[in-house]
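Student: What follows is a structure written as structure tokens; I'll ask about it next.
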Amino acid sequence: MRRKITLAVLILAVFILQGTIFQTLSIASISPNLLLILTVSFGFMRGKQEGLFVGFFCGLLIDIFYGYENVVGFYALLYMYIGFFNGFLYKVFYDEDIKVPMLLVGVSDLAYGLVVYGIQFLLRGRLDVFVYLYRIIIPEMVYTVLITVIFYRILFWLNRKLTETEWEGPRLP
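At position 15 of the sequence shown (counting the first as 1) the number is 15 in full-length UniProt numbering, and the numbers step up by one without a gap.
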């Protein structure tokens with residue numbers, strides 16, 4: 001129960017950080033996708049089920065506050081898939097290794113950008129995919145991967161603390 005409450009608070013905190021502080025740190029209207037880093041990290045560190053859970057609630061927050069027209073569930077489904085597929089790599093999770101999470105965040109952000117482009121722009125007849133790729137997808141991916149170096153360390157430390165408290169169990173007097 002403690003883990004779920006901590007995850008809920010963490011998801012809300014990251015959502016608030018992404019919507020406030022990191023919006024002011026945007027470069028050329030590009031800001032890092034912290035919720036994607038959170039989803040990928042927990043999918044990678046904890047497995048498919050945890051990635052699915054974190055991804056769903058991260059995406060649901062985006063749907064509720066910044067949703068795509070009147071459709072609720074688009075981002076929830078997208079983040080849920082990202083968390084789930086990153087959870088498959090749980091078996092290659094090594095302590096303190098930053099290279100694999102950076103690669104996963106980069107690939108996930110590229111896939112995220114292409115899916116969002118495909119649904120929101122391509123289906124409306126906007127065929128300038130290379131302009132969108134060059135001006136939005138690639139810069140966001142690079143910025144998100146750079147922020148992953150710092151943000152992943154914090155998430156790794158938090159996951160380790162949560163795992164240690166799970167294994168300790170209740171203390172007897």
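The beta carbon of each residue, even a glycine, is placed where N, CA and C say it ideally should be. On a predicted model such as this, the values are computed, not experimentally measured, just so you know.
Can you tell me which residues form a DSSP beta bridge with Tyr30?
Tutor: The sequence as given places Ile at residue 30; Tyr does not occur at that position. According to DSSP, Ile30 bridges with Ile27.
Student: Among residues of its own chain, excluding the 5 on either side of Tyr66, which ones have a beta-carbon nearer than 6 Å to its beta-carbon?
Tutor: Excluding positions up to five away in sequence, the list is empty.
Student: Over what stretch of residues does the alpha helix (DSSP H) that includes Phe130 continue unbroken?
Tutor: Per DSSP, Phe130 belongs to the alpha helix (DSSP H) from 129–132.
Student: When DSSP labels each residue in this structure, what does Met80 get in the three-state scheme?
Tutor: Residue state, collapsed to three classes: helix.
Student: Check for me: the alpha helix (DSSP H) holding Thr20 runs from which residue to which?
Tutor: No alpha helix (DSSP H) holds Thr20; DSSP gives it neither H nor E.
Student: Among Ile27, Pro32, Ile5, which one has its Cα closest to the Cα of Ile150?
Tutor: Considering only alpha carbons, the answer is Pro32.
Student: Can you tell me whether residue 215 is buried or exposed, with buried defined as 16 or more other CB within 10 angstroms of its CB?
Tutor: Only positions 1 to 173 of the chain appear in this structure, which leaves residue 215 out of reach.
Student: State the DSSP-derived secondary structure class of Arg126, mapped to helix, strand or coil.
Tutor: Looking at Arg126 - three-state DSSP - the assignment turns out to be coil, as it is neither helix nor strand.
Student: So, using beta-carbon positions, are Gly55 and Tyr90 closer together than 8 Å?
Tutor: No, these two residues do not count as a Cβ contact at 8 Å.
Student: Cα-Cα, which of Arg2, Lys48, Asp97, Tyr112 is closest to Leu35?
Tutor: Minimum Cα distance to Leu35 is reached at Tyr112.
Student: Under 8 Å between the Cβ atoms of Val105 and Val145?
Tutor: Going by C-beta atoms, Val105 is nearer than 8 Å to Val145.
Student: Checking 8 Å against the spacing of the C-beta atoms, do Tyr81 and Asp63 come in under that value?
Tutor: Contact flag unset, no.
Student: Classify Met45 as buried or exposed, calling it buried when 16 or more other Cβ atoms lie within 10 Å of its own Cβ.
Tutor: Under this definition Met45 is a buried residue.
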